[in-house]
Amino acid sequence: MQLIDTHTHLDFEMFDDDRTQVIARSAAAGVERIVVLGVHEANLERVWQLACEQPAVHAALGLHPVFIAEHRDEHLGKLRDWLEQLRGEPKLCAIGEIGLDYYVEDPDIERQHELLEAQLALAAEFELPVLLHIRRAHAPMIAMLKRYKLQRAGIVHAFSGSWEEAQEYLRLGFRLGLGGAGTWPQALRMQRVLKQLPLEAIVLETDSPDIPPAGHAGERNSPELLPEICRMLADLKGVSAEELAAASYRNSCELFGWPQP
Numbered sequence: 001m002q003l004i005d006t007h008t009h010l011d012f013e014m015f016d017d018d019r020t021q022v023i024a025r026s027a028a029a030g031v032e033r034i035v036v037l038g039v040h041e042a043n044l045e046r047v048w049q050l051a052c053e054q055p056a057v058h059a060a061l062g063l064h065p066v067f068i069a070e071h072r073d074e075h076l077g078k079l080r081d082w083l084e085q086l087r088g089e090p091k092l093c094a095i096g097e098i099g100l101d102y103y104v105e106d107p108d109i110e111r112q113h114e115l116l117e118a119q120l121a122l123a124a125e126f127e128l129p130v131l132l133h134i135r136r137a138h139a140p141m142i143a144m145l146k147r148y149k150l151q152r153a154g155i156v157h158a159f160s161g162s163w164e165e166a167q168e169y170l171r172l173g174f175r176l177g178l179g180g181a182g183t184w185p186q187a188l189r190m191q192r193v194l195k196q197l198p199l200e201a202i203v204l205e206t207d208s209p210d211i212p213p214a215g216h217a218g219e220r221n222s223p224e225l226l227p228e229i230c231r232m233l234a235d236l237k238g239v240s241a242e243e244l245a246a247a248s249y250r251n252s253c254e255l256f257g258w259p260q261p
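Per this note's numbering, the very first residue in the sequence shown carries number 1; after that it's consecutive.
Below, the structure is given as structure tokens:
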């Protein structure tokens, strides 16, 4: 199988002791490309440096809503500077991780909306797809995306919404990122939605080091587990692992503008 992990945080300190080995083992398992996402101003340089050092790694740069208390107005300016500096660089593939998170305690909804809108505007300006984090906020997110109508759309990361919400994102041109969460027995709604999704809608991800698949509770997630995640999701959907992997690979390449073999 050829696979692309569309959402990881391999720059996090949990990988400091064996990051290079994880990337090598992932490649040996068939994971040809790995997207690493920025989450706050302090890690943008680290993410880009990792992409420069590792042929398999591609970078997305953004300001995550969970870290809203850490973001300052000047950080948006620094993000824009990065995007301007890296315009046209093939290793820069998206803006992310950005979004809305109403699940956090006492969410500052106004600031989250302001931050997201500013980054959607950057995505439109730089013609980059967006990698979206959404928790308990699908309705406002869909409304905002309808206003912006991004030309290159992007990925709804770790999608766990309803079939109706999935259809709204698909109409807007988005793919849905699926990973370990859908493999657990209690993820019944996600599994019902998975069976209805067209293969053209799906991209695979791990969200490493978070959201490990069933059977790996408490473990560090890794791109090495993407083949296992693919097999479990394919079984739940009623297709072969090879068919799901090929569809995800094709969808990811189309989204990021990568050549397909």
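A virtual CB, placed ideally from N, CA and C, is assigned to each residue, including glycine.
Within 8 Å, strictly: CB atoms of residue i and residue j
i	j	result
Q191	G182	yes
H7	L131	yes
D5	V39	no
L122	R80	yes
E319	A56	What the structure shows of the chain is the stretch from 1 to 261, and residue 319 is not part of that stretch, so it cannot be assessed.
L128	A153	no
L116	A166	no
R175	A137	no
L10	L50	yes
I68	R111	yes
A247	S240	no
Outcome for residue i when other beta-carbon atoms lying within 10 angstroms are tallied against a minimum of 16
i	result
T82	What sits at residue 82 in the sequence shown is Trp, not Thr. Label assigned to W82: buried.
E205	buried
G218	exposed
C93	buried
C52	exposed
K237	buried
A42	exposed
P185	exposed
Residue i: first and last residue of the uninterrupted beta strand (DSSP E) it sits in
i	result
L197	Unbroken run through L197: none, as it is neither H nor E.
L37	31-37
L10	Taken as a continuous stretch (DSSP letters only), L10 belongs to no beta strand (DSSP E), as it is neither H nor E.
G154	154-156
Local conformation of residue i per DSSP, three classes
i	result
V66	helix
G88	coil
A56	coil
L76	helix
E224	helix
I109	helix
D207	coil
G182	helix
R175	strand
V239	coil
D81	helix
R46	helix
R135	strand
E97	strand
L61	strand
L244	helix
L122	helix
L145	helix
L128	coil
L116	helix
Run of the alpha helix (DSSP H) containing residue i, from where it starts to where it stops
i	result
V22	19-28
Taking one C-beta from the segment 52-64 and one from the segment 89-109 each time, how about it: are there three or more such pairs within less than 8 Å?
-> yes
Are the segment 224-233 and the segment 202-216 touching by the rule of at least three beta carbon pairs closer than 8 Å?
-> yes
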